[in-house]
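Each protein sequence line maps, in turn, to chains A and B. Under my numbering, the first residue of the first sequence carries the number 25, and numbering increases by one thereafter. Under my numbering, the first residue of the second sequence carries the number 15, and numbering increases by one thereafter. Quick reminder that beta carbons are idealized off the backbone N, C-alpha and C, glycines included. From a predicted model like this one, the values you see are computed outputs, not experimental measurements.
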Amino acid sequence: MSSLIIAAEEATATNPFIPADYDIIWSAVVFVVIAAFFGFYAIPKFRKILDDRAAVIEGGIAKAENAQAEAAAQLEKYNQLLAEGRAEAAEVREKARTEGAAILAELKEQAQAESARILANAQTQIEAERQAALVSLRAEVGTLAIDLASRVVGETLTDDKKAAGLVDRFLADLESSESAKAGQ
Amino acid sequence: MPRSQERALHADTVTLAAGEGGEFHAPGIGEFLGLPELFFADTPFAIDRIVMVRLIAIAIMLVLFYIGLRKAKRVPGHGQSLAELAIDFVKTQIVDQVLGEKHGKRFLPLLTAMFFGIFAMNITGIIPGANIAGTSLIGMPLLLGLVAYVVFIYAGIKEHGAPGFFRAQLFPSGVPWPVYIILTPVEFINIFVVRPLSLALRLLLNMMVGHLLLVLCFAATHFFFFSAGGLYSLFGIGTLAFGFIFTLVELAVAVLQAYVFTLLTAVYIQQSVSHEH
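Here you go:
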């Protein structure tokens with residue numbers, strides 16, 4: 025009986041495919057420790073650092089892209105401003121030119137108008153003075169002529185109507201003789 | 015017979031065999047089983063050499079990762095770069111590639127834990143002083159296989175619901191129904207029995223055999239140099255060279271087995287959550 029038990033024990037002790045209790049227990053302890061270490065420490069840490077690195081790289085790329093976009097936007101804006109400025113300058117220049125031309129034209133027109141007015145004034149004045157001179161001359165010449173004639177003729181031409189008729193006749197004669205002279 | 019006594023006896027015979035000058039003693043299962051219990055002897059918490067190597071390897075691995083990630087900065091230092099490189103290897107080469115972004119995110123912690131845990135316990139096989147892989151005792155590979163098993167079934171049930179998951183796994187669409195008579199039992203055995211066991215046994219046997227090869231090479235070298243003497247020492251040079259080569263092979267195997275285990279677990283999860291089977 026006891027030899028059977030010993031034989032069985034020896035069989036267990038020499039069979040490499042049947043684990044002893046202590047073997048299984050320490051294997052389990054070892055595996056649990058390893059699994060816990062990797063599950064709760066190593067792999068989370070590994071993932072964390074990889075994520076961190078990826079985030080930094082992605083952040084850097086995003087930052088660079090942002091900077092580039094910003095620079096492009098700035099350039100665009102600058103170009104736009106430049107174009108706007110140029111357009112504005114051209115517009116101002118054009119406006120100044122047209123305005124200058126307009127002013128010039130206006131001034132010319134004004135001057136012409138002024139000169140025309142002055143000319144017209146002068147002519148009117150001359151005409152008026154001529155008329156006045158004509159009238160006064162006519163009156164004076166008449167009087168003088170009548171005085172002279174009455175002295176010469178000895179008769180007093182008191183009758184105004186007669187006198188005026190006489191004078192007119194005389195003057196008409198005078199004018200016709202003048203124009204005849206001028207016509208020669 | 016109490017266990018420690020029996021172990022001690024077993025260990026005694028091993029040392030006796032090794033200590034007997036002229037005899038060459040080939041390494042056997044005693045390399046892994048019946049080792050003296052160093053702490054908590056005769057309790058379920060007993061610690062022998064292999065368990066101690068596991069604990070130390072894991073402690074060092076975790077401390078290294080902790081140091082690497084402790085002051086994680088945007089611009090990484092040397093330690094942080096290495097830690098990130100290591101995790102990124104598992105993430106891109108295994109998790110994202112097999113599971114894709116969506117599912118990969120959920121299972122990344124578990125799969126990195128598997129990969130680095132297995133690697134740390136494998137690499138001790140060629141570290142002087144440890145000289146044994148922490149995974150060369152069935153408990154660890156079996157537990158990891160069990161974890162993979164639970165995880166891929168959980169993932170499938172969560173994705174499709176239990177009936178949907180089992181239907182998709184056991185009755186793959188696109189075959190005429192009589193085929194199910196053969197296909198369904200085969201798939202059942204393959205998925206629910208072979209997968210976890212093959213994961214565990216592949217890892218265990220690779221590490222056991224690797225260790226045995228190394229021990230064989232170095233024990234033979236020792237024997238040829240110090241026990242046989244004379245012209246036999248020349249054989250010792252050959253066996254030492256083999257030991258050197260197998261050490262490099264074991265380095266590759268340590269990485270490869272961690273990679274294969276994790277990759278297959280990811281593939282199983284992928285097949286569970288996938289919508290076309």
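Minimum Cβ-Cβ distance from residue i to chain B less than 8 Å
i: V116 of chain A; result: no
i: A78 of chain A; result: no
Contact set between residue i and chain B, taken where Cβ atoms lie within less than 7 Å
i: K87 of chain A; result: Per Cβ cutoff of 7 Å: no residues; K87 of chain A is ~16 Å from chain B at best.
i: A93 of chain A; result: Near A93 of chain A there are no residues of chain B at all, since even the closest Cβ is about 26 Å away, more than 7 Å.
Chain-ordered neighbours of residue i on chain B, where CB pairs are closer than 8 Å
i: G63 of chain A; result: P123, L124 and A127
i: D210 of chain A; result: With chain A covering 25 to 208 only, the question about residue 210 of chain A has no answer from this structure.
Closer than 8 Å to chain A by CB, residue i
i: L23 of chain B; result: Residue placement at L23 of chain B is flagged as unreliable, the pLDDT there being 41, under the threshold of 50; the coordinate-derived value follows with that caveat. For L23 of chain B, the answer is no, since every Cβ of chain A falls outside 8 Å of its Cβ.
i: M221 of chain B; result: no
i: E98 of chain B; result: yes
i: L76 of chain B; result: yes
i: V296 of chain B; result: Residue 296 of chain B lies beyond the stretch modelled for chain B, which goes from 15 to 291, so this question has no answer here.
i: L49 of chain B; result: no
i: I72 of chain B; result: yes
i: A182 of chain B; result: no
i: V109 of chain B; result: no
i: F79 of chain B; result: yes
Exposed unless 16 or more other CB atoms sit within 10 angstroms - verdict on residue i
i: T148 of chain A; result: exposed
i: D62 of chain B; result: buried
i: D47 of chain A; result: buried
i: Y282 of chain B; result: buried
i: Y163 of chain B; result: buried
i: E164 of chain A; result: exposed
i: L156 of chain B; result: buried
i: F41 of chain A; result: exposed
i: R141 of chain A; result: exposed
Separation of residue j from residue i, as counted between CA atoms
i: M75 of chain B; j: M66 of chain B; result: 14 Å
i: P210 of chain B; j: L96 of chain B; result: 31 Å
i: R84 of chain B; j: P68 of chain A; result: 12 Å
i: H225 of chain B; j: A134 of chain B; result: 15 Å
i: F38 of chain B; j: S247 of chain B; result: 14 Å
i: E264 of chain B; j: L230 of chain B; result: 14 Å
i: F59 of chain B; j: G84 of chain A; result: 55 Å
i: Y273 of chain B; j: T126 of chain B; result: 10 Å
i: K119 of chain B; j: N204 of chain B; result: 27 Å
i: N39 of chain A; j: Y80 of chain B; result: 37 Å
i: A182 of chain B; j: G114 of chain B; result: 20 Å
i: G139 of chain B; j: S150 of chain B; result: 9 Å
i: I127 of chain A; j: A107 of chain A; result: 29 Å
i: P192 of chain B; j: P186 of chain B; result: 12 Å
i: I251 of chain B; j: L270 of chain B; result: 28 Å
Under 9 Å from the C-beta of residue i: neighbouring residues of chain B
i: A52 of chain A; result: G153 and L157
As assigned by DSSP and simplified to three states, the class of residue i
i: F206 of chain B; result: helix
i: F64 of chain A; result: helix
i: G74 of chain B; result: The displayed chain sequence assigns Ile, not Gly, to residue 74 of chain B. Helix.
i: F38 of chain B; result: coil
i: I108 of chain B; result: helix
i: F59 of chain B; result: coil
i: F53 of chain B; result: strand
i: H92 of chain B; result: helix
i: F185 of chain B; result: coil
Under 8 Å by beta carbon: chain A residues contacting residue i
i: P41 of chain B; result: By Cβ distance, chain A contributes nothing, its closest Cβ being about 13 Å from P41 of chain B, past 8 Å.
i: V65 of chain B; result: Y46, D47 and W50
i: G93 of chain B; result: Correct list: empty, because the minimum Cβ distance to chain A is about 13 Å.
Chain-ordered chain A contacts of residue i [CB-CB under 7 Å]
i: R68 of chain B; result: W50 and V54
Per-residue contacts from residue i into chain A (C-beta, under 9 Å)
i: R209 of chain B; result: Simply none; closest approach about 17 Å.
i: R216 of chain B; result: Within chain A, no residue comes near R216 of chain B; the closest Cβ sits about 13 Å away, beyond 9 Å.
i: L83 of chain B; result: Y65, A66, K69, F70 and I73
i: V161 of chain B; result: F55 and A59
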